[in-house]
Amino acid sequence: MNAVTQQPVLPFARGDWRIEPRGSVGNALADARRRCALSIEDIAAQTRVPIRYLAAIEAERFDEIPGVIYIKGFVKAFARAVGLCERWAVDAVSALLAAGLKATRA
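Numbers given in my numbering equal positions in the sequence shown, counted from 1, plus 63.
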């Protein structure tokens, strides 16, 4: 706690605070988009990510997106646009992709 302001000292600026949801990353992004009253077309215009890739992210069909670096970048942009924690979203997608790779190798 900061003795002067009686507020917790956060490791980031006030405007950088984002919500970290629980559960599926695709569902969390879709729910956040609907809470913001944005269509998938609005998100596509704001992020410049093609609609088909945003729809694939919401449905967690990551095999439709060409390359892991694109997946992570698109998810990060989507999370930023709807006010979710970018780090959480990328970490959640990375875990899903790692689990998917382990499942295909087993």
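The C-beta atom is built at its ideal place from N, Cα and C for all residues, glycine as well.
| field | Residue environment, residue 93, which counts as buried when at least 16 other CB atoms sit within 10 Å | value | buried
| query | Cβ atoms of residue 96 and residue 145: under 8 Å apart, would you say? | reply | yes
| task | Figure out for me which residue from 88, 158, 161 has the closest Cα to the Cα of residue 119. | result | 88
| message | On the CB-based measure, 16 or more other CB atoms within 10 Å of its CB, does residue 127 come out buried or exposed? | response | exposed
| message | Quick check on residue 130: does DSSP put it in helix, strand or coil? | response | coil
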